[in-house]
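Position 95 of the sequence shown, counted from 1, bears residue number 94 in numbering that gives the first Met the number 0, the numbering being contiguous throughout.
The C-beta atom is built at its ideal place from N, Cα and C for all residues, glycine as well.
In this text, all values refer to a predicted model and were calculated from it rather than measured experimentally.
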Amino acid sequence: MLTRLLIASAAVSIATASLLARAPVPQHKPWQPGLGEYMVGIQRHHAALFFAGKAGNWELASFELKELEEGFGDAQEFQPLHEKVDVKSLLESILPPVMKPLHESIEKGDKQLFSRGFEALTSACNGCHQAANVPFLDIVDPTAEPTVNQRYEKR
Ligand code: HEC
0 MLTRLLIASA
10 AVSIATASLL
20 ARAPVPQHKP
30 WQPGLGEYMV
40 GIQRHHAALF
50 FAGKAGNWEL
60 ASFELKELEE
70 GFGDAQEFQP
80 LHEKVDVKSL
90 LESILPPVMK
100 PLHESIEKGD
110 KQLFSRGFEA
120 LTSACNGCHQ
130 AANVPFLDIV
140 DPTAEPTVNQ
150 RYEKR
């Protein structure tokens, strides 16, 4: 029985090997994240930024804001047009006016200014979602920390 099984499995291996040898080498396109994938990262940084600012952890807030901007930068570069939506132009017009005061609030370490700046950022998210035909993507202040294994307060 065992011998027969071994012979059978060897035959299968040989058959597979010869098939593989003849199969054309598959050509994979390099993986390119879609706009939604960039947005998931942006969503995470938006939430982390909220808790860093709330805790007055300005080093972390500054880092998270930079990461968020990098996400938008990548989305703009790699997905400038998404389903006829001019992502590049929308980002260029919507973001700069909200990013500047938010950066300033972090540099000053001013929680009240930060809170106003964060509200403006969230409105910018939703303003763009409305302009981009996805108004049902309704961004709000996070109700819980985005992770369970990171401290947002300064130690
Ligand atoms: C270009 C303007 C624009 C701005 C600004 C913008 N978004 Fe989006 N966002 C989109 C579009 C368009 C989609 C739909 C993408 C798709 O069809 O996959 C989207 C999708 C999303 C999604 C759904 C992702 C998914 O696949 O589940 C989330 C979450 C999101 N955005 C969060 C945010 C947050 C948070 C901000 C602000 C910090 C923001 N977005 C700012 C245009 C924008």
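Report yes if the C-beta distance between residue i and residue j is below 9 Å; otherwise report no.
i: Leu-34; j: Leu-48; result: no
i: Ala-119; j: Leu-101; result: yes
i: Ile-105; j: Thr-121; result: no
i: His-44; j: Glu-58; result: no
i: Phe-113; j: Gly-70; result: no
i: Ala-123; j: Val-97; result: yes
i: Glu-152; j: Ala-54; result: yes
Is residue i close to the ligand HEC? I mean its beta-carbon at under 8 Å from any heavy atom of the ligand.
i: Ile-138; result: yes
i: Ala-119; result: no
i: Met-38; result: yes
i: Ile-105; result: no
i: Gly-52; result: no
i: Val-133; result: yes
i: Ala-47; result: no
i: Val-147; result: no
i: Ala-123; result: yes
i: Gly-35; result: yes
i: Leu-80; result: no
i: Phe-77; result: no
i: Phe-225; result: The requested residue 225 is not part of the displayed model; the chain covers only 0 to 154.
i: Ala-143; result: no
Take the Cβ of residue i as the centre, count every other Cβ of all protein chains shown within 10 Å, and call the residue buried at 16 or more, exposed below.
i: Phe-50; result: buried
i: Gly-159; result: Beyond the ends of the chain as shown, which are 0 and 154, falls residue 159; an answer cannot be given.
i: Phe-77; result: exposed
i: Glu-103; result: exposed
i: Asn-56; result: buried
i: Val-86; result: buried
i: Ala-46; result: buried
Could you check if residue i belongs to the surroundings of the ligand FAD, using beta carbon to heavy atom distance under 8 Å?
i: Gln-31; result: The model depicted lacks the ligand FAD and carries the ligand HEC instead.
*Would you be able to state if there are at least three C-beta pairs under 8 Å between the stretch 125-141 and the stretch 75-89?*
Touching, yes, given that three or more Cβ pairs across the two stretches are closer than 8 Å.
*Are the stretch 23-31 and the stretch 83-96 touching, with three or more C-beta to C-beta distances below 8 Å?*
no
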